[in-house]
Amino acid sequence: MPWPSRLSRLQQSASLVAKASGTRLGKAVDLSGSALRKSAAAAAQGGKAMAFWSFGGGGTAGDLHVPRELETQLQRFPLTQDIGARAIRALVSEASWFSLPGGTILPRDGDNDSAVFLVISGALGVYANDDSEADRFVAHIPAGEMVGEMSMLSGESHSATLVALRDSQMLRLPKEAFERLMARHPRLSLNMMRILVRRLRNTTGRSAKTIKARSLAIIPLHNGAQSLDLAQRLSTALRNLSLSVEMIRPAESGQAPTVVEASHDIVLYASEHADGAWTQYCLRQADRVLLVAAEGMPIPSHPFIGMPEGRIKRQMPELVVMRASQGAPKYPELTHKIASAYSLHHYICPQSPGDVQRLARVLTGRSVGLVLAGGGARGFAHIGIIRALREAGVPFDLVAGASMGAIVGACVAMGWNDEEIYARMHEAFVKNKPLSDFTLPLVSVFRGQKVTRMLQENFGDLRIEELRLPFLCTSSDLSSGTTHVHRTGPVWRALRASVAIPGLLPPVVEDKRVLVDGGLMNNFPVDEIARLSRGPIVGIDVAGEENFSALEDDIEGRTWWRLWRDQMTRKGAPSIVSILMRSGTVGNEAIRRQARSMTDFLLDPPLPGIYLRSWKAFDQAVELGYAHAAEMIEQDGLNFLWAVKGTG
2 MPWPSRLSRL
12 QQSASLVAKA
22 SGTRLGKAVD
32 LSGSALRKSA
42 AAAAQGGKAM
52 AFWSFGGGGT
62 AGDLHVPREL
72 ETQLQRFPLT
82 QDIGARAIRA
92 LVSEASWFSL
102 PGGTILPRDG
112 DNDSAVFLVI
122 SGALGVYAND
132 DSEADRFVAH
142 IPAGEMVGEM
152 SMLSGESHSA
162 TLVALRDSQM
172 LRLPKEAFER
182 LMARHPRLSL
192 NMMRILVRRL
202 RNTTGRSAKT
212 IKARSLAIIP
222 LHNGAQSLDL
232 AQRLSTALRN
242 LSLSVEMIRP
252 AESGQAPTVV
262 EASHDIVLYA
272 SEHADGAWTQ
282 YCLRQADRVL
292 LVAAEGMPIP
302 SHPFIGMPEG
312 RIKRQMPELV
322 VMRASQGAPK
332 YPELTHKIAS
342 AYSLHHYICP
352 QSPGDVQRLA
362 RVLTGRSVGL
372 VLAGGGARGF
382 AHIGIIRALR
392 EAGVPFDLVA
402 GASMGAIVGA
412 CVAMGWNDEE
422 IYARMHEAFV
432 KNKPLSDFTL
442 PLVSVFRGQK
452 VTRMLQENFG
462 DLRIEELRLP
472 FLCTSSDLSS
482 GTTHVHRTGP
492 VWRALRASVA
502 IPGLLPPVVE
512 DKRVLVDGGL
522 MNNFPVDEIA
532 RLSRGPIVGI
542 DVAGEENFSA
552 LEDDIEGRTW
562 WRLWRDQMTR
572 KGAPSIVSIL
582 MRSGTVGNEA
592 IRRQARSMTD
602 FLLDPPLPGI
612 YLRSWKAFDQ
622 AVELGYAHAA
632 EMIEQDGLNF
642 LWAVKGTG
């Protein structure tokens, strides 16, 4: 949308504020700090339009009176810190100040608008413009950060869409004005260079910075969903994390959001109604939205009724199902369409402090993500490592895995204790030998029926979205040549696809896609957990550096005599089963290195003598994993436990 002139902006803002607040305006417009705050809040609470203000008014920077609150805020921002009061006045004199209601797209004067925007309060979401149905979330821009600087420097058109994740207040600086300011105030240029360097470093490390929500909306999906009860319990759990919390209800909403948030770490906007003016206001103020449902009640696939399209498409809420007791849960029916409308699913028993405490960690960027790599029988080491981490008090809040790591990860997501995981895995792989149903190798060496039966016996008809902990696993889509991420659907079927080593087990066909072992494309899916931006990641990589070599004559000169000799001496060329297992789990080494660099705490247990098919080395692998984790925790215990256990 075109930006209005300074005079028309001022007139438009006065009209908008009058319409939003229901007051009559006199001849003079008060641009003091308190008036600006109240005007912005009034305009934003309407949620239907933006309000524009200009500070310049034709005067010089030296004559301009900058509201004290705004000047204090700017002094703390990375771009404007230490540039001095005169430079701040000069910047403000060139700027347009406006409010942007939550869920609306930041307007720009065409694709080549090279203005710089500064987020005064609120937050923006950056979404890449791709071919997917819903734009892909790229970054979170909190208050104090700037956007648009790359387009200004490069002169290229915008490659992303910016959406207000909540009611926000912005400053807009045209390119020409910003260049003049940098020329006159070198400190401003230095600050901008530091910001660019910091962002460049962030792009070479973790794929997504942890997003710590400052404001949370808790909204019921229907009557009796206990949203206020959850808000009270969540408030207590957040205080247990040494956070200052303020819970706001309709009768307590007198102060502007920026004022409340300035003095608290977390602000909870709680509503007991699924719709209405207060509910809409809560949704526009929130960095994250929790939609609460009672156990057994239907879940809508279109949760945001009456919200702007930007909010519906770009800010998926999180679903919280309140369980009536700690007994057998009555899971709601979550179809793929319904499950896809929510970014995460949480099952909370109000009587279980651990459930609410875990929710508090996930919402505030303090959750612990656990990622388990594939590796055949070497994956048994996961069991021992998990036991050592649990004994050290490390909580697991999000779980991901590939191949064998997916199976162990699903056990963790089920909420099973160490003894049950050990017993089930030993029964499944050592006693029952699932890879023993040979068949005529038209599609695969094994029928795969034993593997399927083993998975169904352990996980039943449970769906991924019904697991106690959020869980995902990966398989490789041979139809498209990409990684397929399983976030919904039957657990056993997702795991069956994730372990379907090409040629060894039959592939899984799903919606005409041919799915095989996740290790083929991404054997260590750290990126999928990092993309959630919820906190530190513990990664366990058991792929190792197995010596997989042979002489040329061992391969091309195979005879029955050599075959018998190799079987007796366990030397010579690898068998066809070993070749298939190795090819199905080797993955991409570049992807593996990147995944390892994205973890906050990496465990890479040495497993000498344990290979992909060493099923009988179950206990040895478990104990080696336990010993390695115990040693790592002892060596790096202070830093590691402070980073993960200390957050909870």
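Residues are numbered in our numbering as their position in the sequence shown, beginning at 1, plus a constant of 1. Note that beta-carbon positions come from the ideal geometry of N, C-alpha and C, so glycine has one too. No experiment lies behind these values; they were computed from the predicted model shown.
Alpha-carbon spacing of residue 35 relative to residue 125, whole angstroms: On the sequence shown, position 34 is the one that residue 35 refers to. On the sequence shown, position 124 is the one that residue 125 refers to. Unreliable positioning characterises residue 35 in this predicted model, as indicated by a pLDDT of 40, which lies under 50. The coordinate reading is nonetheless provided below. Spanning the two alpha carbons is a distance of roughly 24 Å.
Assigned exposure category for residue 85 - 16 Cβ within 10 Å defines buried: Taking the first residue of the sequence shown as 1, we reach residue 85 at position 84. Residue environment analysis places residue 85 among the exposed positions, since fewer than 16 neighbouring C-beta atoms fall within 10 angstroms of its C-beta.
The region 356–370 touching the region 490–506, judged by at least three CB pairs closer than 8 Å: no
Cβ contact check for the region 348–365 and the region 239–246: 3 or more pairs under 8 Å: yes
Cβ neighbours of residue 92 in the same chain (closer than 6 Å, five flanking residues each side left out): In the sequence shown, counting from the first residue as 1, residue 92 sits at position 91. Within the same chain, residue 92 has close Cβ partners 182.
Inter-stretch contact at 8 Å, needing at least 3 Cβ pairs: the region 339–354 / the region 503–520: no
Sufficient close CB pairs (3 or more, under 8 Å) joining the region 223–232 to the region 288–302: Verdict: yes, contact present.
Segment limits, beta strand (DSSP E) that includes residue 514: Here residue 514 is taken as the residue at index 513 of the sequence shown, counted from 1. Here the beta strand (DSSP E) through residue 514 covers 514–518.
Nearest-angstrom Cα separation, counted from residue 400 out to residue 411: Residue numbering aside, residue 411 sits at position 410 when the sequence shown is read from its first letter. Residue numbering aside, residue 400 sits at position 399 when the sequence shown is read from its first letter. The straight-line gap from Cα to Cα measures roughly 8 Å.
Helix, strand or coil at residue 251 [DSSP, three-state]: As a first step, residue 251 is located in the sequence shown; it is residue number 250 there, counting from the start. Three-state result, residue 251: helix.
Residues sharing a beta bridge with residue 356, DSSP: Counted from its first residue, the sequence shown places residue 356 at position 355. Answer by DSSP bridge pairing: none, since residue 356 is not bridged.
CB-CB length for residue 625 against residue 603, believed under 8 Å: Taking the sequence shown and counting its residues from 1, the one referred to as residue 625 is at position 624. Taking the sequence shown and counting its residues from 1, the one referred to as residue 603 is at position 602. Actually they do not touch by this definition, with Cβ atoms about 16 Å apart.
Backbone CA spacing between residue 215 and residue 274 [nearest angstrom]: Counting from 1 along the sequence shown, the entry for residue 215 is found at position 214. Counting from 1 along the sequence shown, the entry for residue 274 is found at position 273. Each residue's Cα considered, the two are about 22 Å apart.
Assumed close pair residue 123, residue 96 - CB separation to whole angstroms, cut-off 8 Å: Counting from 1 along the sequence shown, the entry for residue 123 is found at position 122. Counting from 1 along the sequence shown, the entry for residue 96 is found at position 95. Not confirmed; about 16 Å, so no contact.
Identity of the residues DSSP links to residue 386 by a beta bridge: Within the sequence shown, residue 386 is the residue found at index 385, counting from 1. Residue 386 is not bridged to any residue.
Range covered by the beta strand (DSSP E) that runs through residue 218: Here the question's residue 218 lines up with position 217 in the sequence shown. Residue 218 -> beta strand (DSSP E) spans 216–221.
Own chain, CB closer than 6 Å to residue 267, minus 5 neighbours either side, in chain order: Locating residue 267 in the sequence shown gives position 266, counting from the first residue. Counting only Cβ-Cβ distances below 6 Å, and skipping sequence neighbours, we find 239, 244 and 246.
Best match in 322, 290 and 383 for proximity to residue 467 [C-alpha to C-alpha]: Looking up residue 467 in the sequence shown gives position 466. Per the Cα distances, 322.
Boundaries (first-last residue) of the alpha helix (DSSP H) holding residue 93: The sequence position of residue 93 within the sequence shown is 92, counting from 1. Taken as a continuous stretch (DSSP letters only), the alpha helix (DSSP H) holding residue 93 covers 86–94.
Unbroken stretches of the alpha helix (DSSP H), 4 residues or longer, contained in the region 442–489: 450–460
Paired residues, beta bridge with residue 401 - DSSP: Against the sequence shown, residue 401 aligns to sequence position 400. In the DSSP output, where bridge partners are listed per residue, residue 401 has 372 and 473.
Cβ neighbours of residue 596 in the same chain (closer than 6 Å, five flanking residues each side left out): Looking up residue 596 in the sequence shown gives position 595. Hits under 6 Å: 525 and 527.
Reduced DSSP secondary structure (H/G/I, E/B, other) of residue 502: If you number the sequence shown from 1, residue 502 lands on position 501. Residue 502: coil per DSSP, three-state reduction.
Residues near residue 179 in its chain [Cβ-Cβ closer than 6 Å; skip 5 each side]: Here residue 179 refers to the residue found at position 178 of the sequence shown. Here the set comprises 117.
Of the residues 461, 157, 159 and 508, the one placed nearest residue 480, counting alpha carbons only: Position 479 of the sequence shown, counted from the start, is the residue given in the question as residue 480. With distances taken between Cα atoms, residue 480 lies closest to 508.
From 262, 88, 197 and 94, residue whose alpha carbon lies closest to that of residue 185: For the purposes of this step, residue 185 is taken as the residue at position 184 of the sequence shown. Looking at the Cα atoms, 88 is the closest of the given residues.
Those residues which DSSP pairs with residue 616 across a bridge: Start at 1 with the first residue of the sequence shown, and residue 616 comes out as number 615. For residue 616, which the question treats as bridged, DSSP gives no partner whatsoever.
For residue 621, the three-state DSSP class (helix, strand or coil): Counting from 1 along the sequence shown, the entry for residue 621 is found at position 620. Reduced to three states, the DSSP call for residue 621 is helix.
C-alpha distance - residue 382 paired with residue 424, whole-angstrom precision: Locating residue 382 in the sequence shown gives position 381, where the first residue counts as 1. Locating residue 424 in the sequence shown gives position 423, where the first residue counts as 1. Cα-Cα distance, rounded: 14 Å.
Residue nearest to residue 541 in terms of C-alpha spacing, selected from 407, 483 and 532: For the purposes of this step, residue 541 is taken as the residue at position 540 of the sequence shown. Among 407, 483 and 532, the Cα nearest to that of residue 541 belongs to 407.
Beta-ladder partner(s) of residue 106, from DSSP: Residue mapping note: residue 106 aligns to position 105 of the sequence shown, counting from 1. Paired residue(s): 164.
is_contact[residue 220, chain D] using C-beta, thresh 7 Å: Protein chain content of the structure displayed is limited to a single chain, and chain D is not contained in it.
From 484, 451 and 426, residue whose alpha carbon lies closest to that of residue 619: The residue labelled residue 619 in the question sits at position 618 within the sequence shown. Nearest of 484, 451 and 426 to residue 619, Cα basis: 426.
Rounded Cβ spacing between residue 539 and residue 600 (contact assumed at less than 8 Å): To locate residue 539, count along the sequence shown from 1; it is residue 538. To locate residue 600, count along the sequence shown from 1; it is residue 599. For residue 539 against residue 600, the beta-carbon gap comes to about 7 Å, under 8 Å, which counts as contact.
C-beta atoms of residue 469 and residue 520 nearer than 7 Å: Against the sequence shown, residue 469 aligns to sequence position 468. Against the sequence shown, residue 520 aligns to sequence position 519. Cβ atoms of residue 469 and residue 520: not closer than 7 Å.
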